[in-house]
Amino acid sequence: MQISLENTGALARRLTVGIEATQVENKVQQKLQQSARTLRMDGFRPGKISVGLINTHKHFKRFRESVRQEVIEELMKSSFQEAISKQEERIAHQPHFELKHHDEGKDLEYTASFDVFPKIENINVSGLSIEKPVTSITPQDLAKRVTQLQRRFATWKTVERAAQQNDKLIIDLKGSLEGIDVPDVAAADLTVDLGGNELLAGFDELLIGEKANTTSEKPFTFPAEHVNKAIAGKQLLLTITIKEVAEAELPALDEAFFEKLHLEEKTLAALEEKLKEAITKEIERTQFFSLKKQVFTFLNEANPIEVPASLVANQANELRQQVRQRLEDAAATIANMNDTLSEQLNSQAEQTVRVSLLLAKYIQDNHIVADEARVNEQLMSLLMPYAMRDQAMFRQLLSSPMPKQIAQNEVLEELAIEHIISEITLNEKEMPLEDLLKLATA
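So for the sequence shown, this note's numbering puts the first residue at 482; every next one is plus one.
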């Protein structure tokens, strides 16, 4: 077997392998000999067909070709494993094979293209200093959460006055760019909650002060990072028809209301205590997310290692799929995927792959091991939606190795971040609760 290895990039490799024709033919004949025991042909008893007949009779032409192809595939895989086992570098993904010569009676030659993992030196995080966001839960924060709960059980009354904050509107919407209608910016009977999350930043301001049964035209500039490249960063003319304005009639904070929330102690104090516990958990999750994000940024900037292009491409495709799934019109998204967004996703994918490789090295160097109990807890968290919807699917996933592997990887990542955080300096930064929680989506 002849082998040559080329560097076609920083981490890209191409392996060329040559296998002598006699080795290929010997393998083919061995396989034909084994197959002869089960072949059938009129005039011959089972197992009595000779290899010579199989090699010469036209009846077996397709069979001979399929056996030869099977042998070639087996030789390519086995010879590749043998060749790569002699190399110090570890391959990062399945190779792409390409046959160069495979004619009968001639030497077999193929190439295998693949990426390898980079060599990573020890990762030093000493001296790193990052900000830890902190906050206090105020009575105003609790009052706001109580009001949000009341809105869930509110009754809505149509009003004639102009729309104001916390109202709920039903509108028709149509957008045009330079006099041409934009199909993606059109909706009928769209419900807009002026007390909830905005569809787009600044959109609610267009509606406040408007009355029912009125139509107005208002300019609105879409964000530059919008996924639809036809309207990203451009000013459209929105035609907005207000069909209904309704205000909330909040339920009283009485025993009947607390009963709906399934509180054991039906008092406002008990509700606020429950809310405080929930908010505290939100704060802790957001704090960890913020610290994790800062650690990831540091790892990327302090360790500008090359990463396998194939892994980056796979990660970028996953990110694109996630973007498409979040949008209602997938076909329009694919057609109008913003070039800038695509570049951002590629950059994000590269950073994600780099961090995963660096964390793997950090986990190895620091002998970090995932606790079985914590892995099982994470696994149940991942599978809980299935447990509530489909017990059969839940049991199937619970017995499958893949979900547990995902849970283990997530726990290892958390443990690595916790280990890094324990070694660095944290500077507390006080901020209002609302600002801190926004960091979870920043």
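Glycine included, each C-beta is placed from N, C-alpha and C at the ideal position.
Keep in mind that this is a model prediction, so the values were computed, not measured.
Whole-number beta carbon distance between residue j and residue i, since they are thought to touch under 8 angstroms
i, j, result
"His-582", "Glu-590", "4 angstroms"
"Lys-762", "Ile-618", "The Cβ separation is near 12 angstroms, so there is no contact."
"Val-606", "Glu-894", "Rounded, the Cβ-Cβ distance is 15 angstroms, inconsistent with contact."
"Leu-780", "Leu-839", "5 angstroms"
"Phe-770", "Leu-920", "7 angstroms"
"Asn-908", "Glu-612", "5 angstroms"
"Thr-489", "Arg-495", "5 angstroms"
"Ile-604", "Val-776", "Not quite, the Cβ-Cβ distance comes to about 11 angstroms (not below 8 angstroms), so this is no contact."
"Ala-727", "Thr-639", "5 angstroms"
Euclidean distance between Cα positions of residue i and residue j
i, j, result
"Ile-572", "Leu-792", "11 angstroms"
"Leu-630", "Glu-602", "52 angstroms"
"Thr-592", "Leu-492", "16 angstroms"
"Asn-536", "Val-498", "27 angstroms"
"Glu-858", "Arg-870", "19 angstroms"
"Pro-599", "Ser-559", "25 angstroms"
"Lys-715", "Glu-698", "16 angstroms"
"Asn-847", "Phe-684", "49 angstroms"
"Ser-823", "Gly-660", "28 angstroms"
"Thr-722", "Ala-888", "48 angstroms"
"Leu-896", "Glu-799", "25 angstroms"
"Ile-484", "Ala-564", "7 angstroms"
"Val-426", "Ser-594", "Nothing about residue 426 can be reported from this structure: the residues present for the chain run from 482 to 923 only."
"Gln-645", "Ala-693", "12 angstroms"
"Val-856", "Met-865", "14 angstroms"
"Asn-507", "Lys-539", "21 angstroms"
"Asn-647", "Leu-687", "14 angstroms"
"Gln-802", "Ile-844", "29 angstroms"
"Pro-620", "Ile-786", "48 angstroms"
"Gln-550", "Glu-579", "13 angstroms"
"Thr-778", "Lys-885", "28 angstroms"
"Arg-632", "Asn-827", "41 angstroms"
"Val-850", "Ala-669", "54 angstroms"
"Gln-568", "Val-836", "25 angstroms"
"Lys-587", "Ser-881", "46 angstroms"
Identity of the residues DSSP links to residue i by a beta bridge
i, result
"Gly-499", "Gln-483, Glu-590"
"Thr-783", "With the sequence shown as reference, residue 783 is identified as Ala, and Thr is not the correct amino acid for it. For Ala-783, which the question treats as bridged, DSSP gives no partner whatsoever."
"Glu-698", "Thr-720"
"Asp-674", "Lys-649"
"Lys-910", "Pro-614"
"Val-726", "Leu-650"
"Arg-494", "Asn-488, Phe-595"
"His-577", "Ser-594"
"Ile-572", "Val-597"
Per-residue burial, residue i [other beta carbons within 10 Å of its own, 16 or more giving buried]
i, result
"Glu-706", "exposed"
"Thr-767", "buried"
"Glu-730", "exposed"
"Phe-541", "buried"
"Ala-830", "buried"
"Pro-789", "buried"
"Asp-596", "buried"
"Arg-797", "Checking the sequence shown, residue 797 turns out to be Ala, not Arg. The residue in question, Ala-797, is buried, as its Cβ has 16 or more Cβ neighbours within 10 Å."
"Phe-561", "buried"
"Asp-584", "exposed"
"Lys-842", "buried"
"Lys-649", "buried"
"Lys-655", "buried"
"Asp-735", "exposed"
"Arg-626", "buried"
"Ala-812", "With a pLDDT of 42 at Ala-812, under the threshold of 50, the predicted position of this residue should be treated as unreliable, and no value is reported."
"Arg-543", "exposed"
"Val-509", "buried"
"Asp-662", "exposed"
"Asp-622", "buried"
"Phe-738", "buried"
"Phe-703", "buried"
The ligand GDP heavy atom lying under 7 angstroms from the CB of residue i
i, result
"Gln-629", "Among the ligands in the structure shown, none appear at all, so the ligand GDP cannot be discussed."
CB contact check: residue i to chain C, cutoff 8 angstroms
i, result
"Glu-706", "No chain C is part of this structure, which consists of one protein chain only."
May I have a chain-ordered list of the beta strand (DSSP E) segments no shorter than 3 residues that lie completely inside the stretch 581-667? Whole beta strand (DSSP E) segments, 3+ residues: 589-596, 610-615, 636-639, 649-658.
4-residue-minimum alpha helix (DSSP H) runs that sit fully inside the stretch 749-779, ordered along the chain: Runs of the alpha helix (DSSP H) inside the stretch 749-779: none found.
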